[in-house]
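Numbering (our numbering), first residue to last: 214 to 440. Report on the structure given below.
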């Protein structure tokens with residue numbers, strides 16, 4: 214349902230900033246490592262389609278949603294995923310299946326995460342968030358920097374009319390398409406199954422167009438098994 218509301222005032226903007234610290238604990242001083250990751254993320258305050266009773270999105274909920282997305286993005290950039298990909302095959306009547314499983318995940322309220330700045334613009338809450346890497350996290354990510362591992366890109370979509378959960382769908386589709394594009398150029402006999410690992414190398418870019426969430430990713434890819 215489409216609705217119109219007044220643009221948030223400066224007072225509301227300050228409330229959102231305060232909400233970040235009061236609701237999550239992320240304002241506590243984090244470990245100040247020398248290496249860090251930084252992302253710029255956004256969340257709709259007045260989504261195009263409201264599937265629930267809350268509209269516009271309450272400030273506290275928008276803040277929590279944004280921090281949860283940051284937690285997942287940093288987890289993907291530090292630990293990555295394992296995947297199992299089954300290409301579609303009409304002759305064998307097999308549908309395409311892509312399963313993406315986190316290798317490990319950051320906990321909610323991780324003190325290494327820090328909200329640097331927030332801004333309300335065009336009915337969206339924007340935030341710059343950094344993550345201060347511990348030594349073992351930095352080393353894990355550095356191990357993926359080898360030129361022997363493929364660096365590939367992909368784009369994916371999710372139907373915006375099905376709600377904000379489609380943001381994750383568009384991300385998963387982007388990773389799947391990156392893996393698929395890499396394999397198509399190198400594996401000419403269609404395999405039954407591919408297993409491997411990926412790590413998110415850059416911040417995913419999320420946009421909206423033609424009723425779709427559109428995510429672009431760049432990943433590092435390791436193929437472990439082709440059957």
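For each residue, glycine too, the CB sits at the ideal point set by N, CA and C. Quick caveat: nothing in here was measured; it's all calculated off a predicted structure.
- The criterion of a C-beta distance shorter than 7 Å is satisfied by residue 406 and residue 440.
- Residue range 272 to 291 is occupied by the alpha helix (DSSP H) that includes residue 291.
- Setting aside the 5 residues that flank it on each side, residue 336 is surrounded in the same chain by 258, 259, each with a C-beta closer than 6 Å to its C-beta; the list follows chain order.
- Between the region 266 to 283 and the region 383 to 400 there are fewer than three C-beta pairs closer than 8 Å, too few to call the two in contact.
- Segment contact: the region 370 to 387 against the region 404 to 422, three or more CB-CB distances shorter than 8 Å; contact assigned.
- DSSP, read as helix, strand or coil, puts residue 382 in helix.
- Shown here for residue 382: same chain residues with a beta carbon closer than 7 Å to its own, the five before and five after excluded, namely 371 in chain order.
- Following the DSSP letters along the chain, one finds residue 358 in no alpha helix (DSSP H), marked with neither H nor E.
- In this structure, the CA atom of residue 334 is about 38 Å from the CA atom of residue 310.
- At a Cβ-Cβ threshold of 7 Å, residue 365 and residue 434 count as neighbours.
- A residue is called buried once 16 or more other Cβ atoms fall within 10 Å of its Cβ, and residue 410 is buried on that count.
- One alpha carbon belongs to residue 283, the other to residue 312, and they sit about 21 Å apart.
- Take residue 380, set aside five residues on each side of it, and the residues of its chain with a beta-carbon closer than 7 Å to its own are 371, 419, 426, in chain order.
- Contact annotation, residue 347 with residue 325: C-beta distance approximately 7 Å; criterion of less than 8 Å satisfied.
- DSSP lists 343 as the beta-bridge partner residues of residue 251.
- The Cβ atoms of residue 287 and residue 254 lie no closer than 7 Å to each other.
- Check the Cα spacing between residue 330 and each of 374, 271, 343: the tightest is with 343.
- In the three-state scheme derived from DSSP, where H, G and I count as helix and E and B as strand, residue 363 is classed as strand.
- Take the alpha-carbon of residue 404 and the one of residue 306: they are about 14 Å apart.
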